[in-house]
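Only one structure is covered here, and it is reproduced in the block below.
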Amino acid sequence: MAVAKADYVKFTREMRDEYTILVPTMLPIHFKLISNVLVRYGYKIDFLEDVDGNIKESGLRYVHNDTCYPALLVIGQLINAVESGRYDKDKIALLITQTGGGCRASNYIYLLRKALKKAGYGHIPVISLNFNMLESHPGFRLTLPMLYRMLYCAFYGDLMMLMANQCRPYEKHKGDTDRVVKKWVNRLLDESAHSSTMRYSHVKKNYRLIADDFNRILGDTPRDKVKVGIVGEIYVKFSPLGNNNLEQFLLKENVEPVIPGFVDFCLYCVYNGLVDYDLYRIRPLKAFGSKFLYRFLLKKQRYIRKMMQDFYPNFMPMADFDETQKRVKGYINQGAKMGEGWLLTAEMLELINEGVNNIICTQPFGCLPNHIAGKGMMKPIKERNPGVNIVAIDYDPGATAINQENRIKLMLSNAER
Amino acid sequence: MKINDPKNRTEGNLLLGIDIGSTTAKLALIDDGELIYSRYERHFSQVRQKTLEMVETIKELLDGRSFTVAVSGSAGMGMANAARLSFVQEVYATAECVRCLQPDTDAVIELGGEDAKIIFFTGGLDERMNGSCAGGTGAFIDQMATLLNLSNTEMDELSLSHQHLYPIASRCGVFAKTDIQPLINQGATKADIAASIYQAVVNQTVGGLAQGRKIEGKVMFLGGPLHYCMGLRERFVETLKLSEENAIFPGYGLYAVAIGASLYSEDGELMGYEELVKRLKESMKHKEKVSTLPPLFKDKNEYQAFIRRHTQNSVKTEYAGGYEGDAYIGIDCGSTTTKLVVITDSCDIIYTYYSSNKGNPVQIVQEQLTRIYDEFGEKLTIRGCAVTGYGEELIRRAFSIDFGLVETMAHYTAAKFFDENVDFILDIGGQDIKCFKIRNKSIDSIMLNEACSSGCGSFIETFAQSMGYTVEEFARQGLFSMAPVDLGTRCTVFMNSSVKQAQKDGASVQDISAGLSLSVVKNAIYKVIRATTPDELGQRIVVQGGTFMNDAVLRCFEKEIGREVVRPNIAGLMGAFGAALYAKEHRPKTSSILDAAAVKTLKHESRSAVCKGCTNNCRLTINIFNGKDKLISGNQCEKGAGIRLGDDEKLPNLYEYKRQLIENYQTSNHHPDNPPSLDTRVRDTSLRKGRQKIGLPMALGMYELYPLWHTIFSQLGFEVVGSGFSTRKLYQKGQFSIPSDTVCYPAKLMHGHIETLLEQGADAIFYPCLTYNINENKGDNFYNCPVVAYYSELLQGNMDSLKQTRFLCPYLNINSEKELSRELTLVLTRHFDFIKKSDVNRAVKAGIAEYQAHMQRVYDEGARAVKFARDKGKRIMILAGRPYHIDPEICHGIDKLATSLGFVVVSEDSVTADKEPPILGVLNQWTYHSRLYAAAQYAAEHDDTQLVQLVSFGCGVDAVTTDEVRAILERNGKLYTQIKIDEITNLGAVRIRLRSLIGALQERGQ
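Residue numbers (our numbering), protein chains in the order written: chain A, 18 to 434; chain B, 20 to 1025.
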């Protein structure tokens, strides 16, 4: 049953041409690519990359302080941008993602609206980027072709992130990897003007070209550094702002960070539609659609995996989600679907399967699902996979980097033994 | 001492290990397998300076030789980097040291100033450090010693002679302090408190770090606190049940990390003394980038203007040449301190007193009154007196004081004296932060801090002392800081660790003092008041409380809200001053206060007792005046006061009623209204098989669904065993397998419930995973919170004892009878061969009927309670939480406290059955929380109904609901009261909150 909601400002058709939509950082590569799709379809987009200033302070000021850290940061970043003076406050809209699960994260958008109201910007429309039809805005419609393009962005993003992470620790000229990333982000934007770029054959060709570029950086340098996996709550795991530049820290510690991709999270969301029907016999239609979508996405993921296995053997390929998904059996039921839910456990097991025995499990302080699927699964995982080295790190506006780094260092000392 | 290194690293080599912890620096020098030098010193955060000094003192040992060096310790990280020395993580270093020096050790426990660590050697190496919440072990002990007014050594010695251990919350230092404070007030002996503090440290270490792994065999104890505190050692040995030869306290306990580091240095770079000194000096120049804030004052002029402005808000406090005439006495007997002022007809203050309670406020007031009588003698005529605060009733009875008033009233009266049109009062004391909004000359809303933000004021004080400053000096330092550091606001444990980091990064005392003031202020504004703009506070703000005597805090507050405020010169005495003003205003014909002779001869005895009225076991204090007049305090309901109420006098309490309903199932195996109609065939089968015992843990979601599951399993022929309500003992039974220390208390209790069921020999234990709760059509969705929904998954993975039994945690859909039957059949037939599908169908039908009947009983009782209240003109309180908040160990008897204060208590679910949900600004997607919103709407619509929200610490979902519930109430002009609960049993703060609520209601004429 839909319940009466306090009215929210809609993003109208008229706004579409004049308003700039501000997009917060989460996955630097992916979100940039996805924003590009919106630009291609006539939206004015500004992708926020500010990481300093007083983002934390703004978050603390406008959001309940016991709310999870990602909400504080995302909202703080958006409000800071609004107040930065860079924009006409009557000509901007904000965009935020919304998943709609049983976790608090589904409420971010409402917390953002409350915060805006408190700050005196109640008139600024907030667009929900979701795939569950939670809200509609007349001026912001995701059409099928758009979704299709975004989907490829997710794959491009994962491929680039995956290969970049494997190149960066070994690059001979510092900055080579980042240059390739930058080159491709720009190139994909330029390309997107042509509709031919939507053809899968073209995308596949790009995959090869991207991979070739990264392959030239790594060459046959043996990837012999200690590998450290990062799993966790999606924002803290991916966003350097959320995890105090964890990747940079790890690179400085002379190890290779391994971060499972974003597509896995999408597949996980889709797969939950199947599980819901399987467990409770609810929403059969959604399950049917999910099944189709799941196979469709999986096929595309497998294509990249196979390409990497066949042509770029020096790289660790993208995981096969259908395998990842099965690994949780005996650990946690796939019915545990709030937040990252069982995916978190699955990713740890997938990393272990790939020989990455050192894992950092990141979460915002007090993250509810991670009590269960993260910290709650560490004991059984360690028991059944001797030699595995997992450390849970909490992120919070009040937590000190020194404490976090010290714990990671302990984990690393054991990794090198 | 000989170092036997099996890897021969020490042979013929000179190795230096430097360990820099959060408070101390240690050196160890090993020469050819011999520990030739070791040293331990506090570094007062002058990390790099201290290290250099310590190295310089061993010049003659190092000079002319080449050696290797390694740095370890949390504070050493930055220095090692800056000085280009190799770094070894401290736990890793400890492990290496122990492997060499005592290879037969099974486990190591190491406590430091900040961190606690455990290393398991036998049965798989495992090294652990405390989580973010449980930091500050050594720092906590230091603070507690200061609180008890003892040195560390005195506290240690005293603890050894303890008689009794009190339960003290072990979640963290802040919570523990909240439990210790009332013990001090109640006059528990320092010996007992000291030992209880150590026990809390032990529980925190063992519970929070071992997480299910048994600490046994040879256990070695390392680190400063364990080296110096015999009492702490004793607690550990006793708790872990270690024999003398298995508890090892090595002489090198302080240097283990440094020794370990030196061993690891061996493969590093060789260097000489000059080179090392050069690098250390270099590192001192190296400044880390710290995030800093703008200074408090631009220049001296701005400061002087600030001081000038604030001296205007003064009341005359010195009276030259003695006073003759009428006088009024005001006493503020707070939970930690007692304040007393005497004022004249023209409101000048002629006498003030401010001191900690020292466990016995009666004695203090007696001394003070005696002094007043002696000093002023006949010249003074006491025309009236009033008392306010926590000890109001006690003092009033003891000295026959004219008036007693709620503290909010007292503070408002005092604030009005300085600004007639005050509309906002903020009081930051040592322990608590209180704020009141004034509208139409009456108190409109009250906000009090919850446990996490308590103790901010006294934190500054103890911190100042630990740095060797008085609070005044420390504050003065902060005023002229050029770059205050950002120290965060979550709580003092987090702040403490931020301070440590800032110090290591080279922040000065000035910067830290200013940073701390700012943290306290931000905590008050953004966490307690939850305001974002100055207008949300008010136009005319009066600030008070001891902490505001600190000019740095005052300045930070003005800067943060961008508005000038009034800080009276008697900021710390406002409660007492307000009481005195009240006495003057309401001046009785003659004051009833005891005269000089009666005060002098007053005999006051007090003894403590434990109330046996119910399972709450309140700790009572029985006060006897002059051998006859008796006053009982500490009780949460009338039973403790020795009052027996007749049935018609008893106020309805839905919490009690719901507990009774649950109890009925547990004792008689079925609800009396609804005798079970067991299918004979089922009974026969089960008898033949020997009745299978199925255990239902009474925690989290089970509270509400117990009627459902109980009926289903009884109908299927199981013997249902429940684990009963929670107790502290039950909690401790399961404490050791909790993997996440920041999860809520109701979830933590689950572990104890499982253990209890296992003790009862349950053949199977059932706690299903319910992503979706009952759909009551009150929201956008009907989820459970992640913890309630999936806690079984965690239990299965972390409780080894569950392997003794069958643990059933199927994912179920409880909204469809058909589905539930299908899913249950699937699970049960797998485990029990006597289960038939048709039986399950029948049982599920009966179960759902019983659940509905149960809810109907709750609704009916809710309606009866409301009617009772309206007939008798009583106030109604919706104590709004979750179904599991009725557990006596979770709500700590708050329901009873409320009835004893005259409220009819109803639960959030009992009055909302047919309530339309209000319009919300958030996504309404959890069943239990939808009821909160509906309950808030109900309270908003009824003048006689108040809502008090119970929030469990760590409940992430409530970060969303509290703001929304408050918004619903406030937009309808109602007061919002929130009570945060956890393991803590201290109800003092809750009592103040409820009393203030009543005070405010009276003010408003409701």
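Beta carbons: idealized from backbone N, C-alpha and C, even for Gly.
Counting only residues of its own chain and dropping the five nearest sequence neighbours on each side, Thr389/B has a CB closer than 8 Å to the CB of Ala615, Val618, Lys619. Around the C-beta of Ile55/B, fewer than 16 other C-beta atoms lie within 10 Å, and the residue is accordingly described as exposed. Contacts with chain A (Cβ-Cβ distance below 8 Å) from the stretch 990 to 1004 of chain B involve no residue at all. By the criterion of a C-beta distance shorter than 7 Å, Ala1019/B is surrounded in its chain by Thr427, Ile462, Ile465, Leu994, once the five residues flanking it on both sides are discounted.
Taking the beta carbon of Asp982/B as reference, the chain A residues within 8 Å of it are His81, Lys131, listed in sequence order. Under the three-state reduction of DSSP output, Asn672/B falls in the strand class. Interface flag for Thr761/B against chain A is set, since a Cβ pair is found closer than 8 Å. According to DSSP, Lys209/B shares a beta bridge with no other residue. At a cut-off of 8 Å, the C-beta of Val110/B has a neighbouring C-beta in chain A. The beta carbons of Lys304/B and Leu71/B sit no closer together than 8 Å.
Any Cβ of chain B closer than 8 Å to the Cβ of Thr114/A would place that residue at the interface, and such an atom is absent. Taking Asn53/A as the centre and dropping the five residues before and after it, the same chain places the C-beta of Leu205, Leu206, Ser209 closer than 7 Å to its C-beta, in chain order. Under the three-state reduction of DSSP output, Leu296/A falls in the helix class. For Lys456/B, the closest alpha carbon among the candidates Gln450/B, Gly448/B, Ile444/B, Gly449/B is that of Ile444/B. Cβ-Cβ distances below 7 Å link Met163/A to Val54, Tyr58 in the same chain, with the five nearest sequence neighbours on each side left out; the list follows chain order.
The beta carbon of Gly347/A sits no closer than 8 Å to any beta carbon of chain B. Remark: fewer than three beta-carbon pairs, one from each stretch, lie closer than 8 Å, so the stretch 63 to 70 of chain B and the stretch 254 to 272 of chain B are not flagged as touching. The C-beta distance from Ala304/A to Leu315/A rounds to 16 Å, too long to fall under 8 Å, and the pair is not in contact.
The stretch 553 to 637 of chain B contains, as complete alpha helix (DSSP H) runs of 4+ residues, the segments 553 to 556, 570 to 580, 593 to 604, 615 to 620 (chain order). Rounded to the nearest whole angstrom, the C-alpha separation of Pro87/A and Pro381/A is 7 Å.
The residue from Gly1007/B, Ile137/B, Ala210/B with its alpha-carbon nearest to that of Leu639/B is Gly1007/B.
A Cβ-Cβ contact shorter than 8 Å links Cys475/B with Ile452/B.
Taking 8 Å as the cut-off, the beta carbon of Leu33/B is found closer than this to the beta carbon of Arg84/B.
Judged by beta-carbon spacing, Ala135/B lies beyond the 8 Å limit of Leu245/B, meaning their Cβ atoms are not closer than that value.
Glu842/B is the residue among Glu842/B, His850/B, Val877/B, Gly403/B whose C-alpha sits nearest the C-alpha of Asn860/B.
Here Thr407/B carries a strand assignment [DSSP, helix/strand/coil]. Between the alpha carbons of Ile531/B and Pro503/B lies a gap of roughly 6 Å.
In the DSSP assignment, Gly349/B is bridged to Val360/B, Ala405/B.
Residue-level contact check: His211/A does not touch chain B, since none of the beta carbons of chain B fall below 8 Å from its beta carbon. Identification of chain A residues near Tyr809/B by a Cβ-Cβ cut-off of 7 Å yields Ala353, Ile389, ordered along the chain.
For Glu115/B, the uninterrupted alpha helix (DSSP H) segment begins and ends at 109 to 120.
The Cβ atoms of Phe972/B and Tyr725/B lie no closer than 8 Å to each other. 8 Å or more divides the Cβ of Ile376/A from the Cβ of Ile349/A. Distance from the Cα of Glu343/B is smallest, within the candidate group Lys398/B, Gly403/B, Tyr370/B, Val384/B, for Lys398/B. In the structure shown, the three-state DSSP call for Val56/A is helix. Pro607/B and Ser527/B have their C-alpha atoms roughly 56 Å apart.
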